[in-house]
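In this text, residue positions in the sequence shown follow our numbering: the first is 106, and each later residue adds one.
Using N, Cα and C, we set each Cβ at its ideal position, and we do this for glycine too.
Everything numeric in this text was worked out from a predicted model, so none of it was measured.
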Amino acid sequence: MTDQRVAIVTGASRGIGRAIAKRLAADGRHVVCVSRSQGPLDELAAEIQADGGAASAVACDISDFTAVAAMVEGVAKDHGRLDILVNNAGITKDNLILRMSDEEWDDVINTNLKSVFVACRSAARPMMRGKFGRICNIASTSGLVGNAGQANYAAAKSGLTGFTKSIARELGKKNITANCVAPGFIETDMTKDLPVAVTDHVKSVISTRELGQPEDIAAAVSYVTSDEAKFITGQTIAVDGGMTMC
Ligand code: NDP
């Protein structure tokens, strides 16, 4: 068993997850980078190693619940420990409620919410064995205040906050914390195709008048997954340039 803390980061192939993986590696963790695409994960792991960090790449579709449980249990077995779980992978399938299909609802709930339940359930036992755990679920300001066209996404992200508070209450006495980080508008593939009018409106309601960067989210995740954040649990930290303030 290695002395180094082992962290799983889902959705690490690009965007926010990639920045989180790089940041946790810079924090000295062995980072297991997870998404469906092996190629970009291998490139990321090689980049982290070239910078002197420790990383490996595991392809897994988190909407396949058997696969996600096996992935988490496999990482814990291979490394003899699992300290940090960052559930970052997520999708959008936006539509107005009148037009939203059952499939659009189910896909987003399964990928963004149920997969997190399955991953946390599989992570809890090795974290309890190790008498340490840091779980960080990436929620969204859409889940805090709602967003027209995102009933499925907001329900999943809001669900994450209640889920996270509940497991924080269950696991706290085992030295395991669970928190959410809720990004506002962050410049990634997920937001790159928004019409300019939407982006301009968003900027006008952000106190700092700027869209966020993936590294802004990674910094918050770095803190809540650190050893020193032991007294912070069950919280949802909005990282949104002051857009919601709720
Ligand atoms: P991107 O679309 O840029 O990246 C999504 C990541 O999730 C990719 O690495 C993708 O990898 C992975 N992923 C998607 N589906 C699956 C799956 N079924 N199994 C495994 N991996 C999957 O998104 P962002 O980086 O922008 O978003 C990251 C998180 O932050 C999400 O949870 C999102 O909801 C949340 N968020 C983002 C905001 C933003 O403004 N960008 C705002 C609020 C919240 P691959 O395709 O290789 O599988």
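Helix, strand or coil: which one does DSSP assign to N252? coil
S168 to G179, Cα distance in whole Å? About 17 Å.
Sequence ranges, alpha helix (DSSP H) only - wholly within the stretch 273-343, length at least 4: 301-310 and 319-329
State the CB to CB distance for the pair D188 and V111, rounded to an integer number of angstroms; the pair is presumed to be in contact (CB under 8 Å). 5 Å
Local conformation of I379 per DSSP, three classes: This structure cannot settle anything about residue 379, because the visible part of the chain is limited to 106 through 351.
Backbone CA spacing between N215 and V250 [nearest angstrom]: 21 Å
Judging by CA-CA distance, which residue of I342, D321, T296 and I337 is the nearest neighbour of L265? I342
Give me whichever residues DSSP pairs with I113 in a beta bridge. V137 and L190
Since I believe V286 is in contact with A325 (beta carbons under 8 Å), could you give me their beta-carbon distance rounded to a whole number of angstroms? 5 Å
Measure from the alpha carbon of R134 to the alpha carbon of each residue in S118, P145, I153 and Q143, then state which is nearest. I153
To the nearest whole angstrom, what separates the beta carbons of A149 and A162, a pair I think is in contact under 8 Å? Position check: residue 149 holds Leu in this sequence, whereas Ala was assumed. At roughly 7 Å, the Cβ-Cβ gap stays under 8 Å, so L149 and A162 are in contact.
What does R239 pair with, by DSSP beta-bridge criteria? According to DSSP, R239 bridges with I189 and T282.
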